[in-house]
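Chemist: Residue numbers (the working numbering): 1157 to 1386.
(1) For residue 1161, count neighbouring C-beta atoms within 10 Å of its own C-beta (all shown protein chains included) and say buried if the count is 16 or more, exposed if not.
(2) Buried or exposed for residue 1266, going by 16 or more other Cβ atoms inside 10 Å?
(3) Per DSSP, what are the beta-bridge partners of residue 1215 in this structure?
(4) Identify, in the order they occur along the chain, each residue of the same chain with its Cβ nearer than 8 Å to the Cβ of residue 1304, setting aside the five sequence neighbours on each side.
(5) Around the C-beta of residue 1158, are 16 or more other C-beta atoms found within 10 angstroms, so that it is buried, or is it exposed?
(6) Check whether the segment 1242-1252 touches the segment 1291-1308, taking contact to mean three or more Cβ pairs, one atom from each stretch, closer than 8 Å.
(7) Whole angstroms are fine: how far does the CA of residue 1180 sit from the CA of residue 1189?
(8) Please list the terminal residues of the continuous alpha helix (DSSP H) segment that includes residue 1187.
(9) Which stretch, first to last residue, makes up the beta strand (DSSP E) that contains residue 1421?
(10) Could you give the C-beta distance for residue 1223 and residue 1252, rounded to a whole number, given that I count them as a contact under 8 Å?
(11) Could you name the residues that DSSP lists as bridge partners for residue 1305?
(12) When the Cα atoms are used, what is the spatial distance from residue 1214 to residue 1227?
(13) Comparing alpha-carbon positions, which option in 1218, 1315 and 1320 lies nearest residue 1263?
(14) Given this structure, state the Cα-to-Cα distance separating residue 1335 from residue 1175, to the nearest angstrom.
(15) How big is the Cα-Cα spacing for residue 1358 and residue 1173?
(16) Pull up the CB-CB distance for residue 1285 and residue 1297, whole angstroms please, since I reckon it's below 8 Å.
(17) What are the boundary residues of the alpha helix (DSSP H) that includes residue 1246?
(18) Taking residue 1205 as the reference, which of 1317, 1321 and 1322 has the closest Cα?
(19) Do residue 1237 and residue 1258 have their beta-carbon atoms positioned less than 8 Å apart in this structure?
(20) Would you tell me roughly how many angstroms separate the C-alpha atoms of residue 1200 and residue 1293, rounded to the nearest one?
(21) Would you report the Cα separation of residue 1211 and residue 1230, rounded to the nearest angstrom?
(22) Suppose the cutoff is 7 Å on Cβ atoms and the five residues either side in sequence are ignored; what does the same chain contact list for residue 1178 look like?
(23) For residue 1239, which residues in the same chain have their Cβ closer than 6 Å to its Cβ, ignoring the five residues on either side in sequence?
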């Protein structure tokens, strides 16, 4: 079974496993704390690099799932018609279509994104890359994320696009089957790419709760900016 098929199967199993759980509910205090921690880190980084007028930006998420992260960007000020996302899991995409009407949501392999080069101002990725175990597929996805990211335009003074990459630095029982072991995950981001440079790495605790403890779930927010034309 290839890694793409494995991911589809794993998410189907997760759907059944967590069907009666409130683990990822907004009404679960631990989950709410984790979401708010992540949002604070993301908003702080966007502000630091002057990505605050989101209504004018084209924003894409690789592995958008049910549209939860893209919906948060609506709250940050993004325009629905400027939001795009792809995912492999049809059930999750149906929900994304429902809550993000007017946005561009599609079923697609992240290795072959259905967009022209240098399309997006922000290319998002939230834990999808750290779920991919095959290093070749991971590199291919990184390469295509870079391909669709806007390069800087010296003539107009428009800065480079940016890639906030959120990954989980440690697995837990809730991420069993999805998270790449830490020792194998160093190359999952394109750190040595000639066309993309890391500009910040933020670590933040997910929750004080034993259910989502920092020891088990500590997200890292890596941010990349395009540094040269493709």
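Where a beta carbon is used, it is the ideal one built from N, C-alpha and C, also for glycine.
Modeler: Taking the structure as given:
(1) Position 5 of the chain shown holds residue 1161. It counts as exposed.
(2) Taking the chain shown and counting its residues from 1, the one referred to as residue 1266 is at position 110. Residue 1266 comes out buried.
(3) In the chain shown, counting from the first residue as 1, residue 1215 sits at position 59. Paired residues: 1239 and 1278.
(4) Walking along the chain shown from the start, residue 1304 turns up at place 148. Once the five neighbours on either side are set aside, the close Cβ partners of residue 1304 are 1216, 1269, 1271, 1272, 1273, 1274, 1275, 1276 and 1279.
(5) For the purposes of this step, residue 1158 is identified with residue 2 of the chain shown, where counting begins at 1. By the neighbour-count criterion, in which a residue is buried when 16 or more other Cβ atoms sit within 10 angstroms of its Cβ, residue 1158 is exposed.
(6) no
(7) What you label residue 1189 is simply residue 33 of the chain shown in a count that begins at 1. What you label residue 1180 is simply residue 24 of the chain shown in a count that begins at 1. For residue 1189 and residue 1180, the distance between alpha carbons rounds to 11 Å.
(8) For this step, residue 1187 is matched to residue 31 along the chain shown. Looking at the DSSP string, the run of the alpha helix (DSSP H) that includes residue 1187 is 1185-1204.
(9) Coverage of the chain is limited to positions 1157 through 1386, which leaves residue 1421 absent and any answer about it impossible.
(10) Within the chain shown, numbered from 1, the residue matching residue 1223 stands at position 67. Within the chain shown, numbered from 1, the residue matching residue 1252 stands at position 96. About 3 Å; that satisfies the 8 Å criterion.
(11) Your numbering for residue 1305 matches position 149 in the chain shown. Partner(s): 1276.
(12) The residue labelled residue 1214 in the question sits at position 58 within the chain shown. The residue labelled residue 1227 in the question sits at position 71 within the chain shown. Straight-line Cα distance between these residues: approximately 14 Å.
(13) On the chain shown, residue 1263 is found 107 positions in, with the first residue counted as 1. Ranking 1218, 1315 and 1320 by Cα distance to residue 1263 puts 1218 first.
(14) Position 179 of the chain shown, counting from 1, holds the residue named residue 1335. Position 19 of the chain shown, counting from 1, holds the residue named residue 1175. With a pLDDT of only 41 at residue 1335, under 50, the local geometry of the prediction cannot be trusted, and the value read off the model is given with reservation. If I take the Cα positions, the gap works out to 20 Å.
(15) The residue given as residue 1358 occupies position 202 in the chain shown. The residue given as residue 1173 occupies position 17 in the chain shown. Any reading at residue 1358 needs caution, since the residue's pLDDT is 42, under 50, leaving its predicted position unreliable; the model's value is listed next. Roughly 31 Å between the two C-alpha positions.
(16) The residue given as residue 1285 occupies position 129 in the chain shown. The residue given as residue 1297 occupies position 141 in the chain shown. Correct: roughly 7 Å between the Cβ atoms.
(17) In the chain shown, the residue the question calls residue 1246 occupies position 90. Segment 1246-1255, the alpha helix (DSSP H) holding residue 1246.
(18) Along the chain shown, one-based indexing puts residue 1205 at 49. It is 1317.
(19) Counting from one through the chain shown, the residue named residue 1258 turns up at place 102. Counting from one through the chain shown, the residue named residue 1237 turns up at place 81. Yes.
(20) As a first step, residue 1200 must be located in the chain shown, where it is residue number 44. As a first step, residue 1293 must be located in the chain shown, where it is residue number 137. Taking the straight line joining both Cα atoms gives about 31 Å.
(21) For the purposes of this step, residue 1211 is identified with residue 55 of the chain shown, where counting begins at 1. For the purposes of this step, residue 1230 is identified with residue 74 of the chain shown, where counting begins at 1. Rounded to whole angstroms, residue 1211 to residue 1230 spans 9 Å at the Cα level.
(22) Translated into positions along the chain shown, residue 1178 becomes position 22. 1184, listed in sequence order.
(23) Position 83 of the chain shown, counted from the start, is the residue given in the question as residue 1239. The residues are 1215, 1226 and 1259.
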